[in-house]
Amino acid sequence: MDKRGYFSGFGGCFIPEILNETFEELVKAYEAAKADPAFWQEYIDVMSNYSCRPTPLTFAENLTNHFGGARIYIKREDLNHTGAHKANNVMGQGLLVKRMGKKRVIAETGAGQHGVATATMAARMGFECTIYMGEEDVERQRPNVFWMERLGATVVPVTDGSRTLKDAINEAFRDWVSNMDTTHYVLGTACGPHPFPEMVAWFQSIIGIEARKQILEHEGRLPKSVYACVGGGSNAMGLFSGFMDDPVELVGVEAGGKGLDSGKHAARLSSKDASVGVAQGYKTYFLQDHDGQMKDTHSISAGLDYVGVSPILAHLQAIGRARFEAATDAEVLEAVTLTMRKEGLIPALESSHAFAQAFKEAPSLSKDDIVIINQSGRGDKDIFTVADAFNDPAWKEFIKHKAEQYDA
Numbered sequence: 001m002d003k004r005g006y007f008s009g010f011g012g013c014f015i016p017e018i019l020n021e022t023f024e025e026l027v028k029a030y031e032a033a034k035a036d037p038a039f040w041q042e043y044i045d046v047m048s049n050y051s052c053r054p055t056p057l058t059f060a061e062n063l064t065n066h067f068g069g070a071r072i073y074i075k076r077e078d079l080n081h082t083g084a085h086k087a088n089n090v091m092g093q094g095l096l097v098k099r100m101g102k103k104r105v106i107a108e109t110g111a112g113q114h115g116v117a118t119a120t121m122a123a124r125m126g127f128e129c130t131i132y133m134g135e136e137d138v139e140r141q142r143p144n145v146f147w148m149e150r151l152g153a154t155v156v157p158v159t160d161g162s163r164t165l166k167d168a169i170n171e172a173f174r175d176w177v178s179n180m181d182t183t184h185y186v187l188g189t190a191c192g193p194h195p196f197p198e199m200v201a202w203f204q205s206i207i208g209i210e211a212r213k214q215i216l217e218h219e220g221r222l223p224k225s226v227y228a229c230v231g232g233g234s235n236a237m238g239l240f241s242g243f244m245d246d247p248v249e250l251v252g253v254e255a256g257g258k259g260l261d262s263g264k265h266a267a268r269l270s271s272k273d274a275s276v277g278v279a280q281g282y283k284t285y286f287l288q289d290h291d292g293q294m295k296d297t298h299s300i301s302a303g304l305d306y307v308g309v310s311p312i313l314a315h316l317q318a319i320g321r322a323r324f325e326a327a328t329d330a331e332v333l334e335a336v337t338l339t340m341r342k343e344g345l346i347p348a349l350e351s352s353h354a355f356a357q358a359f360k361e362a363p364s365l366s367k368d369d370i371v372i373i374n375q376s377g378r379g380d381k382d383i384f385t386v387a388d389a390f391n392d393p394a395w396k397e398f399i400k401h402k403a404e405q406y407d408a
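This is the structure we're talking about:
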């Protein structure tokens, strides 16, 4: 048995035989790059000169005073080029694609941020690009679809199943099987067959490395806890990686949707509704029925309604190294509103799950404690969803006026 890519029995590489050679090529390219200090330096140079790294660690003074407990810091991944932590992973994989000599990239996307980041990388590096996106997510995240197409990518709406992220992943794998000689699949999160979970976590570790250095510069000590939202788990793995060997609590926050008792959520590690299974090439907790069929998921945030979770996060829970909670859609909207009003920041709905959980816990902590929240992306992409949630009358008038201009 190949032990590579297993974490407490989670992970692995369950792929069709036809993909074995392609995955071996990818594993070799990844392992060679990881062993080559020049590759990491090239990656740091690209992220510094193209994606505005290091991103700041912002002290949230007003939120700290509002809650009266722990000192709250925010890691600003929203200030990456394209507005989310997704840029870290795609630029790293783009450099690998150049090493492997391939000319085409494909990707899946839920909220659209990974799709925009991949289309951006492809434009800069000269690759042909196809993005698979669930039809429902295409409707929810139309602005990101617009930018992907303007960047030169072909966006393919996926109409199978629940028409969301898991269906887009299935379709991307089908494409890869047919075009593996020329194409690399830029998987967007720390899931999927080995080496993707480990490789994506490695590229995203730049978040935690920076955050640890920055909090020591700001405060001269480590935080009590760090908070990150969890869909597949890439931004959480990124932040957690910087504090893995420290006495720092790692808190992952999943989509509680309409409540864990409602069945309308996407909580795999913080609910009792998930079970261990094998799907989409790896072993982890999935929301599935007794026959192994994937259940429909729900979240107000398109990026968190994935049916599985990173095998590395499942491992961290199994060994007691990380704690997982869930925030409901209503709690997330309250967190977005409070963060905008107190700090002038607009976090993505995905990131706002981490804010919501930190806000629940910060008031009961000591004023000497420090917490870090990962703002994994910016919220302007969510304007349609948030405006609908608040039933904003001025926004409705704006949409009606634009529709009239288009003779709709």
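According to full-length UniProt numbering, the residues represented by the sequence shown are 1 to 408, in order. Virtual Cβ for every residue (Gly too), placed ideally from N, Cα, C. Given the structure is predicted, the values throughout are model-derived calculations rather than measurements.
Here the alpha carbon of ALA190 sits roughly 38 Å from the alpha carbon of LYS396.
If you check the CB distance, LEU250 and ALA322 come in under 7 Å. The C-beta distance from ASN88 to GLN204 rounds to 5 Å, short enough to fall under 8 Å. Distance from the Cα of GLY256 is smallest, within the candidate group GLY242, ARG174, LEU333, for LEU333. With 16 or more neighbouring CB atoms inside 10 Å of its own CB, ARG76 falls in the buried class. Within the region 230 to 297, the beta strand (DSSP E) runs of at least 3 residues that lie entirely inside it are, in chain order, 249 to 257, 275 to 279, 282 to 286.
Taken through DSSP and simplified to helix, strand or coil, SER8 comes out as coil. Of HIS298, ILE312, GLY320, the smallest CA-CA separation from ASP329 is found for HIS298.
Selection ARG150, VAL307, VAL97 evaluated against THR284 yields VAL307 as nearest (Cα-Cα). When secondary structure is reduced to three states using DSSP, SER225 falls in the strand class. Between the C-alpha atoms of PHE398 and ALA389 there is a straight-line separation of about 16 Å. Within the region 335 to 383, the runs of beta strand (DSSP E) that reach at least 3 residues and sit entirely inside it are, in chain order, 370 to 375. With respect to the 7 Å criterion, ILE312 and PHE7 are classified as neighbours on the basis of their beta carbons. A residue is called buried when at least 16 other Cβ atoms come within 10 angstroms of its Cβ; HIS290 does not meet this threshold and is exposed. Counting along the chain, ALA119 sits inside the alpha helix (DSSP H) bounded by residues 113 to 125. A contact between stretches requires three or more CB pairs, one per stretch, nearer than 8 Å, and the region 350 to 357 fails this requirement with the region 50 to 61. Contact between the region 182 to 200 and the region 142 to 157 is absent: fewer than 3 CB-CB pairs across the two stretches fall below 8 Å.
With contacts defined as CB atoms closer than 7 Å, THR183 and ILE106 qualify as a contacting pair.
In the DSSP assignment, PRO157 falls outside any alpha helix (DSSP H) and lies within the beta strand (DSSP E) extending over 154 to 158.
Counting along the chain, the unbroken beta strand (DSSP E) around TYR73 starts and ends at 71 to 76.
For ALA327, the closest C-alpha among the options SER271, GLN288, PRO363 is that of SER271. In this chain, the alpha helix (DSSP H) harbouring HIS66 covers 61 to 67.
Judged by pairs of C-beta atoms under 8 Å, the region 105 to 122 does not touch the region 58 to 70, as fewer than three such pairs exist.
Separation of PRO197 and GLU343 (C-alpha to C-alpha, rounded to the nearest whole angstrom) is 34 Å.
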